[in-house]
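Residue numbers (the working numbering): -9 to 275. Below is one structure; the comments refer to it alone.
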Amino acid sequence: MSPATTPAGVPRPGTDRLWGESWYFDFASADGSAGGFVRVGDYPNLGRRWCWAYVIAGQRAVGCALDRPLTGRRDAPWQTMDPSLRLLIEPALDCWHISADGDGFGLDLTWREQGPRYVYAHGSRLEQPGWAAGDVSIDGKPRPLDGPGQRDHSWGVRDWWRLGWTWCAGWLSDGTRFQATLLDARGLIAPDGYLMAPGRPPESVGDVAVHADAVRMDGTLLEFADVAHVTIDLRSPAGGVSRLRRAMTRVRTGATQHGIGWRERNMPELSSRSRRPARNGLAGG
């Protein structure tokens, strides 16, 4: 146990009121027919927990984002029995069992690790590729899901309203996995992410360039065509607003390589951005 963690292994909160810890799970069918994501995010110093669950079937995206009081333990399993969202995330040896049920949508799947964890060079954050199998449903109509996933665990000061950012992660048809994060910091904060060839460990990327529907990671250009997206409006304790857009997206690189993944864009309103500098290389997550 590290001095920075509790006996249960949970990171100890810092003193900043926006110190947070979060867990993301993304998943998509390899053919792009279905997908979704869930997130649990805690702000212990504010006494709040955010629970998100969204599913995509065809070109429809349905889900729920809750902001509720933080009560009880912060470590897994995570569960909410809110009337708007019944969510359960349970860890197992090398996988996570995830189920959710809300107004007009549901999911039940196993998210299994498929590669080593990648720890960010800057900030307290890790990402890991995986594979998900199960089903999602919209309006009671289930769709099977069997395809790549990505998970994220991060902790530290999480200020969605200070800086924007672009994030993406996904899978290519030859088995390559990728992930990248770039903050809107005018080059003052280095990008982070990896490319992972089949059977190889993840290799950090040194350069990330973001375009409207593409991201270049070192020499690899990834072109995106979104299947469906959701937009979540986030309000800060001080009243600031940021808008988060997350999309399940088809991916293409070169003449023959294709795949599926997720990308997000966080967009703080100009008037809501704090003037204090970023401290840990990660403004949100």
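Ideal placement from N, C-alpha and C gives every residue a C-beta, glycine not left out.
Scanning its chain for C-beta atoms nearer than 7 Å, with the 5 sequence neighbours on each side dropped, one finds around residue 204 the residues 211, 212, 213, 214, in chain order. Shortest Cα-Cα distance from residue 88 to any of 9, 260, 67 involves 67. Around the beta carbon of residue 11, 16 or more other beta carbons lie within 10 angstroms, which makes this residue buried. Every beta strand (DSSP E) of 3 residues or more that sits fully in the segment 207 to 257 is shown, in chain order, as 210 to 225, 231 to 243. Residues of the same chain with a CB within less than 7 Å of the CB of residue 163, apart from the 5 flanking positions on each side, are 247, 248, 249 in chain order.
DSSP lists 159, 184 as the bridge partner or partners of residue 169. Distance between residue 95 and residue 24, taken at the CA atoms: about 12 Å. The DSSP-derived three-state label of residue 78 is strand. When secondary structure is reduced to three states using DSSP, residue 60 falls in the coil class, being assigned neither helix nor strand.
For residue 260, the three-state secondary structure derived from DSSP is helix. The residue from 126, 130, 168 with its alpha-carbon nearest to that of residue 140 is 168.
Sixteen is the threshold: when 16 or more other Cβ atoms of the shown chains lie within 10 Å of the Cβ of residue 186, as they do, the residue is buried.
A distance below 7 Å between beta-carbons, with the five flanking residues on each side excluded, links residue 37 to the following residues of its chain, in chain order: 59, 60. Here the alpha carbon of residue 232 sits roughly 8 Å from the alpha carbon of residue 226. Secondary structure at residue 4: coil, using DSSP grouped into helix, strand and coil.
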